[in-house]
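In the working numbering, the protein residues as written are 12 to 248.
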């Protein structure tokens, strides 16, 4: 907890208590109102702790054979920040990030929510990186004014990836033939039943390049002191 105290000093320049918003049952969060819990410190001023853990998602995750639904990262962050925005005693925000990344849009949505909260409340934001803060995890961290990493933190991976399988050769060996019917030249783009054409590769690459450019722009905005050359070195994936 000593690390939290150091983060408070960075964020507030003073002391205060650390609070989290959630509910005791966790996975049933959407069915219960958020409750505030003090995890360290005392005093009137508060530092809100927001956890960004595991894969960053914009869709609920189901557990126990679909019987339990856990709110998405985007939904949870939105709920926590909406409640915190109404509390004038919240003087700073600390992001605890331990995530390998996630969906491009989900990461961008969380980033946008954090930037919006910071602008609305005009409070400092500090990102505390745990074991991993890669790809979308670092994307989210770019919303912070300061980033604090553990000596063993793995971070970076500023890039975009799409993995696709071409099973045409394998299926041919077992006598399975592709008979796809379509309307629209590129409707079966990225089909695993055949290889991609040069034109399709160009289309997919242009999409990935566009998403990567957005990621780089977010890093540039969040880390304006990086010169162009150094930024290019750090955003190679």
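Where is the CB? At the ideal position from N, CA and C, for every residue including glycine.
- At the C-beta level, residue 146 and residue 109 stay beyond 8 Å of one another.
- If you ignore the 5 residues before and after residue 92, its C-beta comes within less than 7 Å of the C-beta of 124 and 128, all in its own chain and listed in chain order.
- Cβ contact annotation for residue 80 (same chain, cutoff 6 Å, sequence separation greater than five): 71 and 73, in chain order.
- The alpha-carbon separation between residue 223 and residue 143 amounts to approximately 20 Å.
- Put simply, the backbone Cα of residue 97 is about 48 Å away from that of residue 199.
- With a cutoff of 8 Å on beta-carbon distance, residue 154 and residue 136 are scored as near each other.
- Annotation for residue 90: 45 place their beta carbon closer than 7 Å to its own, counting only its chain and skipping 5 residues before and after.
- Residue 60 carries a strand assignment under DSSP once its states are collapsed to helix, strand and coil.
- For residue 211, the uninterrupted alpha helix (DSSP H) segment begins and ends at 209–233.
- Counted as a single uninterrupted DSSP element, the stretch harbouring residue 55 is not any beta strand (DSSP E), since DSSP gives it neither H nor E.
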